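See below for the structure under consideration.
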Amino acid sequence: MPATAVLKSRSSLEIEISRAIIRFEKEYMGRGPLETKTYVIDDLVVIRLKDVLTLAERKLIETQRDRSAYLVKQSRNELLAAARPMLEAVVRDITGVDVQSVHTDLSTRTGERIIVVTLKERLRFGDCDEGRVA
93 MPATAVLKSR SSLEIEISRA IIRFEKEYMG RGPLETKTYV IDDLVVIRLK
143 DVLTLAERKL IETQRDRSAY LVKQSRNELL AAARPMLEAV VRDITGVDVQ
193 SVHTDLSTRT GERIIVVTLK ERLRFGDCDE GRVA
C-alpha cells in the first residue's frame, strides 16, 4: 500500500465498516446494535453503536449493585480485547491500511459503545469527498 491510501468514497467506506461491525457484533458478541454510524477522519475510524447491551446485561445493571455496571463494562472490554485480531482484520480488509490501535468504551447508562480505531496511514478520498466535513 502506498504511503497514503486513496479510496473511492468516504461515505461508501463508512457504510461498509458499519455493516461489517454489525456482523462482527452479531457473530462474536451474540447481539447486534440497534444503530451503527461510522466516521472516517484522516487516520481515525470512529464507530458509534447504539443499544448494544443484551437483556441479561441490562437486568444486571438495573440491580444497581456497586459492581454491576463495572462487571458489564469489564466483560465487554475483555471480549473485545480477545477479538481484537478479528476486528483489526475487518478494518484492514475494508480500508487496505493496517491498524495501529483500538480503543473502546461502553456507557452502561445508555447502552452505547464507541470504538475508535487508529490506522497506520491517513486515508484519502476522491475529489467528491475532499471538502466533506465529518
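Adding 92 to a residue's 1-based position in the sequence shown gives its number in the working numbering.
Built from N, CA and C at the ideal position, the CB exists for glycine as well.
All values derive from a computational prediction rather than experimental measurement.
(1) Pairing CB atoms from the stretch 170 to 179 with CB atoms from the stretch 143 to 154, are three or more of them under 8 Å?
(2) Taking just the CA atoms, how far does residue 200 sit from residue 210?
(3) Determine the direct distance from the alpha carbon of residue 144 to that of residue 103, and round the result to whole angstroms.
(4) Can you find the residues in the same chain that come closer than 6 Å, C-beta to C-beta, to residue 123, ignoring five residues on each side of it along the sequence?
(5) Going by beta carbon distance, what residues of the same chain come within less than 6 Å of residue 114, once the five residues before and after it are set aside?
(6) Within a Cβ cutoff of 8 Å, which residues of the same chain sit near residue 134, ignoring the five residues on either side of it in sequence?
(7) Give me, in chain order, the residues of the same chain whose beta-carbon lies closer than 8 Å to that of residue 184; leave out the 5 immediate sequence neighbours on both sides.
In brief:
(1) Cβ pair count under 8 Å is below three, so no.
(2) In the sequence shown, counting from the first residue as 1, residue 210 sits at position 118. In the sequence shown, counting from the first residue as 1, residue 200 sits at position 108. Going from the Cα of residue 210 to the Cα of residue 200 covers about 24 Å.
(3) Position 11 of the sequence shown holds residue 103. Position 52 of the sequence shown holds residue 144. Roughly 23 Å separates the two Cα atoms.
(4) For the purposes of this step, residue 123 is taken as the residue at position 31 of the sequence shown. Within the same chain, residue 123 has close Cβ partners 146.
(5) The residue labelled residue 114 in the question sits at position 22 within the sequence shown. Answer for residue 114: 124 and 128, listed in chain order.
(6) Indexing the sequence shown from 1 puts residue 134 at position 42. Once the five neighbours on either side are set aside, the close Cβ partners of residue 134 are 214 and 215.
(7) Taking the sequence shown and counting its residues from 1, one reaches residue 184 at position 92. Only residues of its own chain outside the window of five on either side were considered, and among them 190 and 191 have a CB closer than 8 Å to the CB of residue 184, listed in chain order.
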